[in-house]
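Numbering (the numbering used here), first residue to last: 86 to 271.
What follows is the structure in C-alpha cells.
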C-alpha cells in the first residue's frame, strides 16, 4: 500500500516521494539503467519487486528516481539502490532521496550501512557525518552480508562484466553509522 511521502519544491520543479513497490515498468527501466552504470551491480526484476523499503520520486505520477533500503541481520539496513533518471540529475533529487533513506533508517531504530563508489554519494556521506571505513574495519554483520551477496552467480558475472567493460576508477567506499537506539548484536 502506497504511503504518501514528502512533496519537494526545487528550482521550479515539484516532485513527490512515495513509499511503495516498484511497478513492472519501473523495475524494467531500472534494470536497463543499472546495467549501464559502473557503480551499481544489477538486480533481477524479482529482486526489485521484493524490496519493501522503497521510496519512489515522481513528477505528476511519472517515475524520476528511487532509493531502496534493505534490512539485513537483526539491526542493520543498507541503502541498496539510489537512482535518478539522467534528465533529472543535478537538481537535488538524489540528495533528497538519500536523506529520505537515512531518515527512515534512523526512525526505524536501525544501524546504517552505505557502500558506493559514486563521488557524489561519498560527498553526501561525509556531509551527513557518516564514518567512512575500510573493508576490514566493517562490523562482522556487514562483512558476512558482503560474503553472502558475493556468492550469487548472477552478481559475480555482472561484477566481472562491469569491471572489464565499464571500468570505474573510483574505489568502493563504505559508510557505517550506528544509532544509539538500534539493538546491535553483531
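All residues carry an ideal CB built from backbone N, CA and C; glycine is no exception.
Owing to the predicted nature of the structure, the values given are computational and were not obtained by experimental measurement.
May I ask you to list the residues that DSSP assigns as paired with residue 161? 157 and 196
Buried or exposed for residue 117, please, with buried defined as at least 16 other CB atoms from any protein chain shown within 10 angstroms of its CB. exposed
Could you spell out where the alpha helix (DSSP H) holding residue 243 opens and where it closes? 238 to 250
In angstroms, rounded to a whole number, what distance separates the CA positions of residue 101 and residue 221? 39 Å
Residue 86 to residue 108 span [Cα, whole Å]: At residue 86, the pLDDT of 46 sits below 50, so the modelled position is not reliable; the number obtained from the coordinates is stated separately. About 12 Å.
What is the residue span of the beta strand (DSSP E) that residue 262 lies within? 258 to 262
Are at least three pairs of beta-carbons, each pair with one atom in the stretch 165 to 176 and one in the stretch 228 to 235, less than 8 Å apart? no
Ignore the nearest five residues each way along the sequence and tell me which others in residue 178's own chain have a CB closer than 7 Å to its CB. 100, 142, 149, 150 and 169
Based on the DSSP secondary-structure assignment, which residues constitute the bridge partners of residue 142? Under DSSP, residue 142 takes part in a beta bridge, and its partners are 102 and 150.
If you follow the alpha helix (DSSP H) that residue 204 is in, where does it begin and where does it stop? 204 to 212
Under the three-state DSSP convention, the category residue 86 falls into: Since pLDDT at residue 86 reaches only 46, below the 50 mark, its modelled position is unreliable, and no value is offered.
Along the alpha helix (DSSP H) that carries residue 174, what are the first and last residues, could you check? That residue, residue 174, is in no alpha helix (DSSP H); it is neither H nor E in DSSP.
Taking residue 196 as the reference, give the member of 213, 161, 125 and 189 with the closest Cα. 161
Going by other Cβ atoms of all chains shown within 10 Å of its Cβ, with 16 needed for buried, is residue 248 buried or exposed? exposed
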